[in-house]
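Trainee: This is the structure I want to talk about, given as structure tokens.
Numbering (UniProt numbering), first residue to last: 1 to 494.
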């Protein structure tokens with residue numbers, strides 16, 4: 001009989017008077033890979049905090065490695081030896097791989113550190129999982145995939161028997177994700193348990209034995225990873241998003257004879273070779289980078305960090321330069337944290353890309369007043385008087401997307417727009433992107449993992465390292481990998 005690694009029994013947990021988890025139950029045994037798909041994010045962050053630290057419970061019991069570690073009457077406040085691996089790396093950037101894996105682990109007590117010995121200790125672990133990473137490499141130099149592997153090794157070396165992988169599929173390529181799954185299966189065979197949190201059932205079913213659906217702080221149902229999820233599930237839990245996906249199937253396609261709004265011709269760099277694509281007015285194109293280096297180069301191109309060695313970009317047939325060209329709009333990854341400026345007022349945040357349309361905007365208060373009247377129904381009348389750091393996450397997203405709407409560019413580049421968003425926020429992002437398309441803007445989505453981006457797309461171009469491209473029309477989406485989100489809808493259409 002397999003050892004039980006984690007059990008949370010009838011847990012109710014509150015923060016600041018708000019119930020985050022209610023009558024919450026979960027059990028994970030040694031060697032299991034359990035999936036968790038949050039329909040919304042209510043209770044998810046609280047659940048992760050409770051895994052790491054034994055915080056006071058309103059009711060319930062928590063057991064780790066068959067020992068009670070938390071009790072509703074006697075919270076210990078101690079930390080559990082459970083690792084949580086997320087998009088934001090917990091590694092120390094100024095240290096080497098070997099230092100992170102061995103020196104920073106709990107229980108390391110040597111006063112003198114011998115790099116040669118650490119290298120020798122790390123090498124068997126790397127060979128065991130078939131990964132080639134230098135023990136002397138500094139963490140800052142590693143790719144997103146390599147950082148994940150190092151964090152995983154650090155957890156294993158520390159002896160942690162439960163490892164939480166939180167939405168890792170959104171920031172590594174399909175090939176790298178497949179390799180991570182192989183590593184997880186290897187350590188699962190040695191008794192390590194995994195909790196795999198994913199935004200989509202299709203992602204979780206690739207690797208998980210069981211999949212729990214989390215909604216409003218409760219696990220509402222378990223599914224077997226080997227069985228297809230009933231389609232009824234989507235209508236019960238994500239009805240609005242499902243409806244929008246189906247509606248988009250009927251969207252009027254741009255006519256082939258229409259002149260492209262944006263064209264990239266012969267873009268070359270370290271990882272991109274002769275990149276060429278075009279997009280038309282009102283069309284949504286997804287560029288999926290099948291390698292993180294390719295994705296980074298695409299991102300650096302549209303944000304102006306990197307200029308290509310060769311090639312040109314055109315808007316309506318005229319050259320364009322990134323950044324600063326108001327004919328191009330760019331929405332960065334996780335824009336609530338990267339594109340909202342707390343030292344500026346809400347109205348200044350909203351209007352600062354309008355200077356090309358109204359050169360004297362900053363001297364004329366009437367322009368801002370007109371903007372407030374026009375966008376009050378979209379953003380809410382009260383939001384204009386809020387401090388920026390008081391805005392909710394959704395209000396910050398609304399602010400960023402409304403700014404682009406005001407800018408009225410010919411083409412909008414969106415970098416992983418649905419990353420980390422719960423269902424309600426994904427619906428809101430979808431609505432904003434629909435507004436762009438209805439206004440005649442071309443939308444280009446840059447993605448590593450398709451997530452929800454494909455559901456909005458007219459076309460998909462998959463780009464491999466070295467520049468090889470593979471294009472899919474919407475009619476061919478049903479030929480994509482089985483783990484593609486919303487793939488069943490494309491099968492119905494086909």
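Just so it is clear, CB atoms sit at the ideal spot from N, CA and C, and this is done for glycine as well. All values derive from a computational prediction rather than experimental measurement.
Kindly indicate which residue of 399, 330, 304 and 303 has the alpha-carbon position closest to the one of residue 341.
Mentor: The residue given as residue 341 occupies position 341 in the chain shown. Residue 399 is the option with its Cα nearest to residue 341.
Trainee: Consult DSSP for residue 256 and reduce its assignment to one of helix, strand or coil.
Mentor: Taking the first residue of the chain shown as 1, we reach residue 256 at position 256. Confidence is the limiting factor: at residue 256 the pLDDT is only 49, short of 50, which leaves the residue's position unreliable, though a coordinate-based value still follows. Three-state result, residue 256: coil.
Trainee: In three-state terms, what does DSSP make of residue 96?
Mentor: Taking the chain shown and counting its residues from 1, the one referred to as residue 96 is at position 96. DSSP places residue 96 in strand when its eight states are reduced to three.
Trainee: Using CA coordinates, which residue listed in 30, 2, 44 and 36 is at the minimum distance from residue 22?
Mentor: In the chain shown, the residue the question calls residue 22 occupies position 22. Residue 22 has its Cα closest to that of 44, out of 30, 2, 44 and 36.
Trainee: Need the endpoints of the alpha helix (DSSP H) that residue 183 sits in, please.
Mentor: Position 183 of the chain shown holds residue 183. 174 to 189 is the span of the alpha helix (DSSP H), which, as asked, contains residue 183.
Trainee: Quick check: what's the CA-CA separation for residue 94 versus residue 144?
Mentor: Translated into positions along the chain shown, residue 94 becomes position 94. Translated into positions along the chain shown, residue 144 becomes position 144. Between residue 94 and residue 144, the C-alpha separation is close to 16 Å.
Trainee: To the nearest angstrom, report how far apart residue 392 and residue 100 are at their CA atoms.
Mentor: As a first step, residue 392 is located in the chain shown; it is residue number 392 there, counting from the start. As a first step, residue 100 is located in the chain shown; it is residue number 100 there, counting from the start. Taking the straight line from one Cα to the other gives about 35 Å.
Trainee: Specify the secondary structure class of residue 142 as computed by DSSP and reduced to three states.
Mentor: As a position in the chain shown, residue 142 is number 142, starting the count at 1. In this structure, residue 142 counts as coil in the three-state DSSP scheme.
Trainee: Excluding five sequence neighbours on each side, which residues of the same chain lie with their C-beta closer than 8 Å to the C-beta of residue 14?
Mentor: Taking the chain shown and counting its residues from 1, the one referred to as residue 14 is at position 14. Cβ within range, chain order: 20 and 58.
Trainee: Would you mind listing the alpha helix (DSSP H) stretches within the segment 27 to 76 that are 4+ residues and don't spill past its ends, in chain order?
Mentor: List check, alpha helix (DSSP H) in window: 44 to 52.
Trainee: Quick one: what does DSSP say residue 235 is sitting in, helix, strand or coil?
Mentor: Locating residue 235 in the chain shown gives position 235, where the first residue counts as 1. Caution applies to residue 235, whose pLDDT of 44 falls short of 50 and renders its modelled position unreliable; the value that the coordinates give is listed next. DSSP places residue 235 in helix when its eight states are reduced to three.
Trainee: Taking only the alpha-carbon atoms, compute the straight-line gap between residue 90 and residue 32 and give it to the nearest angstrom.
Mentor: Counting from one through the chain shown, the residue named residue 90 turns up at place 90. Counting from one through the chain shown, the residue named residue 32 turns up at place 32. Residue 90 and residue 32: Cα-Cα distance of roughly 24 Å.
Trainee: I think residue 285 touches residue 458, with their Cβ atoms under 8 Å apart; what is that distance to the nearest whole Å?
Mentor: Translated into positions along the chain shown, residue 285 becomes position 285. Translated into positions along the chain shown, residue 458 becomes position 458. At roughly 7 Å, the Cβ-Cβ gap stays under 8 Å, so residue 285 and residue 458 are in contact.
Trainee: Check the DSSP bridge columns for residue 296 and list the partner residues they point to.
Mentor: Locating residue 296 in the chain shown gives position 296, where the first residue counts as 1. Looking at the DSSP assignment, residue 296 forms no beta bridge with any residue, so it has no partner.
Trainee: Check the DSSP bridge columns for residue 329 and list the partner residues they point to.
Mentor: Walking along the chain shown from the start, residue 329 turns up at place 329. 412, per the DSSP bridge assignment.
Trainee: Report the partner residues of residue 351 according to the DSSP bridge assignment.
Mentor: In the chain shown, residue 351 corresponds to position 351, counting from 1. Paired residues: none, contrary to the question.
Trainee: Comparing alpha-carbon positions, which option in 81, 266, 332 and 82 lies nearest residue 296?
Mentor: Looking up residue 296 in the chain shown gives position 296. Comparing Cα-Cα distances from residue 296 to each of 81, 266, 332 and 82, the minimum goes to 332.
Trainee: Is residue 133 closer than 8 Å to residue 165 when the C-beta atoms are compared?
Mentor: Against the chain shown, residue 165 aligns to sequence position 165. Against the chain shown, residue 133 aligns to sequence position 133. Not a contact, by the Cβ cut-off of 8 Å.
Trainee: Rounded to whole angstroms, what is the Cα-Cα separation between residue 216 and residue 222?
Mentor: As a working note, residue 216 is residue 216 in the chain shown. As a working note, residue 222 is residue 222 in the chain shown. Going by the C-alpha atoms only, they are around 15 Å apart.
Trainee: Measure the Cβ-Cβ separation of residue 35 and residue 188 and say whether it is below 8 Å.
Mentor: Translated into the one-based positions of the chain shown, residue 35 becomes position 35. Translated into the one-based positions of the chain shown, residue 188 becomes position 188. For residue 35 and residue 188, no; Cβs fall outside 8 Å.
Trainee: Would DSSP call residue 22 helix, strand or coil?
Mentor: Here the question's residue 22 lines up with position 22 in the chain shown. Residue 22 falls in the strand class under three-state DSSP.
Trainee: Alpha carbon to alpha carbon, what distance is there between residue 336 and residue 323?
Mentor: To locate residue 323, count along the chain shown from 1; it is residue 323. To locate residue 336, count along the chain shown from 1; it is residue 336. Approximately 20 Å between the Cα atoms of the pair.
Trainee: Please return the same chain residues whose Cβ sits closer than 8 Å to the Cβ of residue 210, not counting the five positions on each side in sequence.
Mentor: Position 210 of the chain shown, counting from 1, holds the residue named residue 210. So the list reads 32, 34, 35, 222, 223, 224 and 225, once near-sequence residues are dropped.
Trainee: Taking the DSSP output, what are the residues bridged to residue 447?
Mentor: Taking the chain shown and counting its residues from 1, the one referred to as residue 447 is at position 447. Paired residues: 288.
Trainee: Bridge partners for residue 153 per DSSP, in chain order?
Mentor: Mapped onto the chain shown, residue 153 falls at position 153. For residue 153, which the question treats as bridged, DSSP gives no partner whatsoever.
Trainee: Between which two residues does the alpha helix (DSSP H) harbouring residue 461 extend?
Mentor: Here residue 461 refers to the residue found at position 461 of the chain shown. Not the alpha helix (DSSP H): residue 461 falls in the beta strand (DSSP E), residues 459 to 463.
Trainee: Taking residue 165 as part of the beta strand (DSSP E), name the residues at either end of that continuous run.
Mentor: Counting from one through the chain shown, the residue named residue 165 turns up at place 165. Segment 162 to 166, the beta strand (DSSP E) holding residue 165.
Trainee: Enumerate in chain order the residues of its own chain whose CB-to-CB distance from residue 436 is below 6 Å, with the five nearest sequence positions on each side excluded.
Mentor: The residue labelled residue 436 in the question sits at position 436 within the chain shown. For residue 436, where only same-chain residues beyond five positions count, the Cβ hits under 6 Å are 412 and 443.
Trainee: Based on the DSSP output, what are the partners of residue 268 in its beta bridges?
Mentor: Counting from one through the chain shown, the residue named residue 268 turns up at place 268. Partner(s): 310.
Trainee: For the beta strand (DSSP E) that residue 470 lies in, which residues bound it at each end?
Mentor: On the chain shown, residue 470 is found 470 positions in, with the first residue counted as 1. Note, residue 470: beta strand (DSSP E), 469 to 473.
Trainee: How should residue 370 be labelled, buried or exposed, when 16 other C-beta atoms within 10 angstroms of its C-beta is the threshold for buried?
Mentor: As a first step, residue 370 is located in the chain shown; it is residue number 370 there, counting from the start. With fewer than 16 Cβ atoms within 10 Å of its Cβ, residue 370 is classed as exposed.
Trainee: Looking at C-beta atoms only, is the number of pairs between the segment 307 to 321 and the segment 378 to 393 that lie closer than 8 Å three or more?
Mentor: The segment 307 to 321 vs the segment 378 to 393: no contact.
Trainee: With distances taken Cα to Cα, identify the nearest neighbour of residue 102 among 353, 125, 85 and 299.
Mentor: The count along the chain shown starts at 1 and reaches residue 102 at position 102. Considering only alpha carbons, the answer is 125.
Trainee: Are the beta-carbon atoms of residue 179 and residue 294 separated by less than 8 Å?
Mentor: Along the chain shown, read from residue 1 onward, the residue named residue 179 stands at position 179. Along the chain shown, read from residue 1 onward, the residue named residue 294 stands at position 294. Result no, Cβ atoms of residue 179 and residue 294 do not sit closer than 8 Å.
Trainee: How should residue 264 be labelled, buried or exposed, when 16 other C-beta atoms within 10 angstroms of its C-beta is the threshold for buried?
Mentor: Taking the chain shown and counting its residues from 1, one reaches residue 264 at position 264. Result: buried.
Trainee: Exposed or buried, which one is residue 325 when buried takes at least 16 other CB atoms within 10 Å?
Mentor: Indexing the chain shown from 1 puts residue 325 at position 325. Label assigned to residue 325: buried.
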